[in-house]
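Single-structure report; data block below.
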């Protein structure tokens, strides 16, 4: 059975689905803080200027990506700014086929970058985790299938900074992220911090970018099919991730093992 056939059905609350909410699904924890030693960017700073600064300040810059709308836009901006480093994706074994196809389209579109898939070929029965762990302990499932492979790669590469696509508009739990973020093991560069979803969509359309087709079906933030549902009007973009499980992040950007 394919992942498409196996994916969970999206249902409204009236149909017995998970209640919809615009509130955070877990307590907000202390995030990274602005790097006061960094440049004096303002909310109106062009993301291209942020990326160009990052490339110059951190020649070993590395970009993790899950190829959501934000990530696709960031890839195009990074290419325009001259980024020629790695784009790292973690194959958890539970990704939608549309996500893997989007990765392949992007790799073909930006051959100047090195697309790296960690744990390539993973699948639900590969023995990494019990087949139902995503339901019984989603934190543990993320830790094994997503966080650990990327952390191992980062220990080997030891980049001083990460270029990532998070934005304040994605969720209330990300409402304060700065362009340049200190805290954790390395600097995080967030060029899209102040871009809204409407601006991201407009950019993607204007530049004919290969956005994951699930996005236009309401999957505004796409992770594993086991733990992702479409969102409803009025919800934040990440409301469909781990809905009803008291979880808002996979562990890459929050928690004791954050990047």
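In the numbering used here, the protein residues as written are 2 to 260.
Cβ coordinates follow ideal geometry from the N, Cα and C atoms, glycine included.
A quick note: this is a predicted structure, and the numbers were derived from the prediction, not measured.
Classification of residue i by the beta-carbon crowding that lies within 10 angstroms, buried from 16 upward
i	result
residue 48	buried
residue 159	exposed
residue 196	buried
residue 203	exposed
residue 217	exposed
residue 192	buried
residue 99	buried
residue 44	exposed
residue 85	exposed
residue 136	exposed
residue 234	exposed
residue 237	buried
residue 127	exposed
Inter-residue spacing [alpha-carbon to alpha-carbon] between residue i and residue j
i	j	result
residue 27	residue 239	Annotation note: pLDDT 35 at residue 27 (below 50); position unreliable, coordinate value reported separately. Each residue's Cα considered, the two are about 13 Å apart.
residue 142	residue 130	7 Å
residue 56	residue 62	7 Å
residue 59	residue 87	13 Å
residue 146	residue 207	35 Å
residue 241	residue 220	7 Å
residue 183	residue 161	11 Å
residue 205	residue 149	31 Å
residue 226	residue 42	37 Å
residue 73	residue 107	8 Å
residue 201	residue 152	28 Å
residue 114	residue 214	23 Å
residue 101	residue 120	13 Å
residue 230	residue 97	12 Å
residue 212	residue 109	14 Å
residue 71	residue 117	18 Å
residue 199	residue 170	10 Å
residue 224	residue 67	8 Å
Rounded Cβ spacing between residue i and residue j (contact assumed at less than 8 Å)
i	j	result
residue 64	residue 82	About 11 Å separates the two Cβ atoms, so there is no contact after all.
residue 69	residue 222	6 Å
residue 51	residue 180	5 Å
Beta-ladder partner(s) of residue i, from DSSP
i	result
residue 49	None, per the DSSP bridge assignment.
residue 242	229
residue 190	164, 181
Near the ligand GTP: residue i beta-carbon under 7 Å from a heavy atom
i	result
residue 96	Questions concerning the ligand GTP fall outside what the structure shown contains, since it holds no ligand whatsoever.
Checklist line | Whole beta strand (DSSP E) elements within the region 64 to 146, 3-residue minimum | finding: 87 to 91, 115 to 119
Notebook entry, point to check: Going along the chain, which unbroken runs of the alpha helix (DSSP H) with 4 or more residues stay wholly within the region 149 to 184?
Noted result: 149 to 158
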